[in-house]
Every structure is written in C-alpha cells, then in structure tokens.
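Some notes on the structure that comes next.
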Amino acid sequence: MKRLFSILAITGLMTFGNIQAQDSTETEAPVVEQVQEEVVTDEEDTVVMDDVTTDDQEATFTQKMKQRFIEGGPGFMGIVLICLILGLAIAIERIIYLNLSTTNSKKLISNVEDALKSGGVEAAKEVCRNTAGPVASIFYQGLDRHSHGIDSAEKAVVAYGGVQMGQLEKNVSWISLFIALAPMLGFMGTVIGMIEAFDQIQSAGSMEPSLVAGGIKVALLTTVFGLVVAIILQIFYNYIIAKIDSIVNDMEDASISLIDILSDYKK
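Position in the sequence shown counted from 1, then plus 759, gives you the working numbering.
Shown next as structure tokens:
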C-alpha cells in the first residue's frame, strides 16, 4: 500500500508539474511573440518613416526648385530656360559631331602610305573614301590634286583644312552667346525687381520689410538662375573648344605627313 501510494503521489506530482510547465510555456510564448511582433512592427514603421522622410526630402527639393522658378517670374525665367535648352541642344549636337569626326590619324597615314606603294594614288583615295572624318577628307583632296604637283596638293590641303575647321566650329558661337545672355537676363530681372520694390515702397509711403522682401527675392532668383545656366553652358563650351583644338592639331600634323608622303612618292 505504501509503495502504491508513493507511486501514485509521484505520478501526480509529475503530472501537475508538467501541466504547470506547459501552462507557463504557453503563457510566455504569446508574450514573446507579442514582443517580437512589436519589434518587427516598430522596425517596419521605422523603415516606412525613413522612406517617407526620404521621399519628402526629394519631393521638397524638387518642389522648391519649381517654386523658386515660378517665383522668379515667367518673363525673364522663361527666357533663361530657353537659353539653357537651346544651348544644351547645340552643345550635345556639337559633342556628337566632334566625337564622330575623331580619326586615328596614325593608322590612316599608315594605310594611305601602304596603298600608295601597292596600288598608287587611286588605291590611296579609296582608303580615304572609306574612312570617316575631316582628316580623311583633307587627304582625299590632297591626293586628288597630286597630279598637278606638290604645290597644288599642298594648297588644296590648306584650303580644304580651313573648310573642315569651319565645319567643326559651326554653331559654337551660339553657345557663347547664351553663356553671356543668361546672366545678363538675370541681372536685368534683378534691376527690374528692385525697381518694383522701390515702387511699392513709394506707393505705401513707408519702409516696411514685407514690401521690399518680395521684389528683392524675385530679383535675386533671376540672377541665381541666370548664373546657373551660364555655368552649365560654360562647362560644355570649354569641352567643345578643347575637342576642336585637338582635332585641328591632328589635322595639321596629318597634313604635313601627307605632303611628305606625296613628296617621297613623286620621287
């Protein structure tokens, strides 16, 4: 009996202990899950808040730019914007044209020299026809006048070199015009804005900051946008000028080499 009672008591204690352990585990599990859910929710909220903050900042910057542009007035700000658009269009067209006009002069000179030795002037002219760029065009003109003598070929190279240089510099002067025009328009808007501000002061009969602030702000905005346009176009203009100088120097060196090759071939 005692042994049976002891076994029953131990079994009951173990069963009661397992029930309590399960209850405590089940009680703690929802708490842990709730805490985890709260942490995940907080993290998601933080990420969402960060995204919203970033989007707000980007939207705010874009909206500020649009707002400042509108505040500058449609008159002068519109003209400044047209200067930027036209200047960029011409600059991009010139950059594409100059990059297509770039030729590997050393390779062209080598091919022309080999063609002269193997097939004569007509073979060299065919090489120039199949090569794009102003250097190949100059070479073709020099080879075409070769039968009239070296002096005639040299004059043809010089004359056609001037034509090709004019093609390289085509419309570049318009970019310099827009570079000068954009800040001048901005300064004109500044002067007009200041005049309007003083007219408001004169009409009100008193010097109040609220009367002057609007006109001065418009005046400064036109100046800022005009200077920004001029800076952007100036960067493109300097690149284009440097590219033209590089191509022209290459044309001159290649022309001298062509005259030397023709002189040796004539002998």
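We put the CB at the ideal spot given by N, CA and C, even for glycine.
Owing to the predicted nature of the structure, the values given are computational and were not obtained by experimental measurement.
Quick one: grab the DSSP three-state call for Lys929. coil
Exposed or buried, what is Ser783 when buried is set at 16 or more other beta-carbons lying within 10 Å of its beta-carbon? Reliability of the predicted coordinates at Ser783 is poor, the pLDDT of 45 falling under 50, and no value is obtained from them.
Beta-carbon separation of Pro893 and Leu927 under 8 Å? yes
In or out: Ile999 buried (at least 16 other Cβ within 10 Å) or exposed? buried
Taking the alpha helix (DSSP H) that Asn870 belongs to, which residues open and close that run? 864 to 888
Pick helix, strand or coil for Gly948, following the three-state DSSP scheme. helix
Tell me whether Lys865 is buried or exposed, calling it buried when 16 or more other Cβ atoms sit within 10 Å of its Cβ. exposed
By how many angstroms is the C-alpha of Gly921 removed from the C-alpha of Val880? 23 Å
Within a Cβ cutoff of 6 Å, which residues of the same chain sit near Ile849, ignoring the five residues on either side of it in sequence? Asn930, Trp933, Ile934
Take the Cβ of His907 as the centre, count every other Cβ of all protein chains shown within 10 Å, and call the residue buried at 16 or more, exposed below. exposed
C-beta atoms of Leu731 and Gly846 nearer than 8 Å: Because residue 731 is not part of the residues shown, which for the chain are 760 to 1026, the question remains open.
Measure the alpha-carbon distance for Val977 versus Met1010 and round it to whole angstroms. 49 Å
Counting along the chain, where does the alpha helix (DSSP H) carrying Ser906 start and finish? It is not in any alpha helix (DSSP H) - Ser906 carries neither H nor E in the DSSP assignment.
From Gln959 to Ile994, what distance separates their C-alpha atoms? 39 Å
By the three-class DSSP mapping on this structure, what secondary structure does Gly704 have? Not covered by the structure: residue 704. The range shown for the chain is 760 to 1026.
Near Ala874, what residues of its chain come up, given a Cβ to Cβ distance below 8 Å and the 5 sequence neighbours on each side ignored? Ala882, Ala883, Glu885, Val886
Check Gly892 in the structure and name its three-state DSSP category. coil
Thr861 (DSSP reduced to helix, strand or coil): coil
State buried or exposed for Val871, treating a residue as buried only when at least 16 other CB atoms are found within 10 Å of its CB. buried
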